[in-house]
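**Q**
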Amino acid sequence: MSVPETTTKIFLKNTPGEAINFEFGQDDSTFEVKQVALDSNLKEGELLVQTLYLSNDPTQRGWIAKNKDSDRMYVRPVAPGEPMGSMGIVKVLKSNSTKYQVGDLATGKIEWATYTTVHEQALFTKIDTSAGLPLELFLSILGVTGLTAFFGLVEAGQLRRLLDNPLKEGDKAPIVCVSAASGATGSVVVQIAKNILGAKVVGITGSDEKCKFVEGLGADLCVNYNNPKYKDQITEFVGKDFIDVYFDNVGGEILSFVLTRMKKFGRVVACGAISGYNTPVNVTTWNEIITMSLTVEGFIVLNYSDKFPEAVGVLASALKSGKIKLGDAYHVKELTGSDVEKLQQVPKIWNLLFTDKPVGKLLTKVV
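Counting with the working numbering, you get residues 89 to 455 for the letters of the sequence shown.
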């Protein structure tokens, strides 16, 4: 493939408040699409890459939020006039790097763009295509999503003991509860907790259909938070054993309730707060953290980058043995039309995370 001279990108036009304007061409549009020249004169360590897949993640909402202190963020926020960022899979078209050659596929932090120039340090993993695994796995179970689930349970949730010393017959299994259990991270949490660590698992999600999916992954119970009786269902299931580890992806009202069902000295793994990304929500039972001596630990997966090889090994082995199911691990939306038309679809697909998200990891296929 010849090296392109132009690229199509999505830029942040206006930093949004609570609401994002997904329409293009308006004064208050959040995003704008531009075709710009592509500089193929690469500096040392740089690569010219083609975007194959984009990852859709709730955390991107924080990258464009108003009044964010960049010193308090693990990713620098996107300013108006800058390209919108994303995790993704790329193909190397031109290289001035000793680590990547033309034709290599890799995962990394990229832009909402058809082509872009990146530094080798922006890429995380060179994809080994010899195993014949679907590329989508490297943005889901074998990517940041799977790593987040693994380290959230094993490190932040302090369940490594179950990885190193599996439960024996007769041992009492801890109870793990996870919100957004049908989502990208939550669905992997369910399977690691149940099928690798041997825990009892309670999932929380937003529909009866999604609950069937979560229970099919191995959850002992899944409740629909739109069912007025969901709190009673969890209370009855955990009884006086209560919850050892809560993997929190949503915050808000659900967190407020689950705190009242936690075991003394239990752990809350703070991974996400999707219920409050667009509209602020309060936690009303914070006193439970004090009275039950709970530990709340926030984390980002990059905290454990030195342990990535171990985690990928465990997850790959679990895939091979069937302890983690491939099934609905990801859901792909494919872009159509011209480059401009394709890119204009990207923000609305990302917004499905907050409106009508399918099960598993939501990915956007650019090429």
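Cβ coordinates follow ideal geometry from the N, Cα and C atoms, glycine included.
The beta strand (DSSP E) spanning Y141 covers which residue range?
**A** Start at 1 with the first residue of the sequence shown, and residue 141 comes out as number 53. Here the beta strand (DSSP E) through Y141 covers 134–143.
**Q** Note down the Cα distance separating N57 from E208, rounded to an integer number of angstroms.
**A** Only positions 89 to 455 of the chain appear in this structure, which leaves residue 57 out of reach.
**Q** By alpha-carbon positions, which one of P222, G176, T213, A219 ends up nearest to I198?
**A** As a first step, residue 198 is located in the sequence shown; it is residue number 110 there, counting from the start. If we check each option's Cα against that of I198, G176 comes out closest.
**Q** A210 lies in the beta strand (DSSP E); which residues open and close that run?
**A** For the purposes of this step, residue 210 is identified with residue 122 of the sequence shown, where counting begins at 1. Run containing A210: none; DSSP gives neither H nor E here.
**Q** Closer than 8 Å by C-beta to Q321: which residues in its own chain qualify, once you throw out the five before and the five after it? Chain order, please.
**A** As a working note, residue 321 is residue 233 in the sequence shown. L309, V311, N315, listed in sequence order.
**Q** When the Cα of A394 is compared with those of K411, G286, V356, F239, which residue comes out closest?
**A** Locating residue 394 in the sequence shown gives position 306, where the first residue counts as 1. Per the sequence presented here, residue 394 reads as Asp, with Ala not at that position. The shortest Cα separation from D394 among K411, G286, V356, F239 belongs to F239.
**Q** Look up C265 in the DSSP assignment and say whether it is helix, strand or coil.
**A** Here residue 265 refers to the residue found at position 177 of the sequence shown. Strand.
**Q** Which residue comes first and which comes last in the alpha helix (DSSP H) that contains S409?
**A** Here residue 409 is taken as the residue at index 321 of the sequence shown, counted from 1. 396–409 is the span of the alpha helix (DSSP H), which, as asked, contains S409.
**Q** Spell out a yes or no on whether the stretch 426–438 and the stretch 96–104 are touching, meaning 3 or more CB-CB pairs, one atom from each, closer than 8 Å.
**A** Segments in contact, yes.
**Q** Starting from the N-terminal side, write out each stretch of the beta strand (DSSP E) that is 3 residues or longer and does not extend beyond the stretch 280–305.
**A** Correct list: 288–293.
**Q** Would you mind working out which of G286, L140, S117, S185 sits nearest Y203, comparing C-alpha positions?
**A** Here residue 203 refers to the residue found at position 115 of the sequence shown. Taking only the C-alpha atoms, the option nearest Y203 is L140.
**Q** Given 8 Å as the limit, is there contact between the stretch 321–331 and the stretch 252–270, that is, 3 or more CB pairs closer than that?
**A** Touching, yes.
**Q** Here's a check: name, in chain order, each residue in its chain whose Cβ is nearer than 7 Å to the Cβ of T103, leaving out the five neighbours to either side.
**A** Taking the sequence shown and counting its residues from 1, one reaches residue 103 at position 15. I152, K154, P168, listed in sequence order.
**Q** The beta strand (DSSP E) that contains F99, what's its start and end?
**A** For this step, residue 99 is matched to residue 11 along the sequence shown. F99 -> beta strand (DSSP E) spans 94–100.
**Q** Taking contact to mean at least 3 C-beta pairs separated by less than 8 Å, is the stretch 218–227 in contact with the stretch 247–259?
**A** Counting Cβ pairs under 8 Å, fewer than three are found: no touch.
**Q** Between the C-alpha atoms of L382 and F345, what's the straight-line distance to the nearest angstrom?
**A** If you number the sequence shown from 1, residue 382 lands on position 294. If you number the sequence shown from 1, residue 345 lands on position 257. Each residue's Cα considered, the two are about 14 Å apart.
**Q** Under a three-way DSSP split, which group does V333 fall into?
**A** To locate residue 333, count along the sequence shown from 1; it is residue 245. If DSSP states are grouped into helix, strand and coil, V333 belongs with the strands.
**Q** Verify whether the separation of the beta carbon atoms of L135 and V206 is less than 9 Å.
**A** What you label residue 135 is simply residue 47 of the sequence shown in a count that begins at 1. What you label residue 206 is simply residue 118 of the sequence shown in a count that begins at 1. Yes. Within cutoff.
**Q** Please classify M172 as buried or exposed, where buried requires at least 16 other C-beta atoms within 10 Å of its C-beta.
**A** Locating residue 172 in the sequence shown gives position 84, where the first residue counts as 1. It counts as buried.
**Q** Is K430 closer than 9 Å to L423 when the C-beta atoms are compared?
**A** Locating residue 423 in the sequence shown gives position 335, counting from the first residue. Locating residue 430 in the sequence shown gives position 342, counting from the first residue. Contact flag set, yes.
**Q** Let me know the beta strand (DSSP E) ranges lying completely inside the stretch 111–197, each 3 residues or longer, listed in chain order.
**A** Those beta strand (DSSP E) runs which fall completely within the stretch 111–197 and span 3+ residues are 119–125, 134–143, 173–183.
**Q** Taking only heavy atoms of the ligand COA into account, decide whether any of them is closer than 8 Å to the Cβ of L285.
**A** With respect to the ligand COA, the structure offers nothing, as it holds no ligand at all.
**Q** Please report how far the alpha carbon of L132 lies from the alpha carbon of G340, in whole angstroms.
**A** What you label residue 132 is simply residue 44 of the sequence shown in a count that begins at 1. What you label residue 340 is simply residue 252 of the sequence shown in a count that begins at 1. Inspection of the sequence shows that residue 132 is occupied by Glu rather than by Leu. Their backbone Cα atoms lie some 46 Å apart in a straight line.
**Q** Identify which residue in Y334, Y418, N184 has its Cα closest to the Cα of L347.
**A** The residue you call residue 347 lines up with position 259 of the sequence shown. Nearest option by C-alpha distance: Y334.
**Q** From this set, D159, L343, V402, K300, which residue's C-alpha is nearest I280's C-alpha?
**A** Looking up residue 280 in the sequence shown gives position 192. Nearest C-alpha to I280: V402.
**Q** Return the CA-CA distance between K288 and G304, expressed in angstroms with no decimal places.
**A** For the purposes of this step, residue 288 is taken as the residue at position 200 of the sequence shown. For the purposes of this step, residue 304 is taken as the residue at position 216 of the sequence shown. If I take the Cα positions, the gap works out to 14 Å.
**Q** Could you tell me which of D116, V180, F110, L142 sits nearest to S128, measuring between CA atoms?
**A** The count along the sequence shown starts at 1 and reaches residue 128 at position 40. Closest by alpha carbon: V180.
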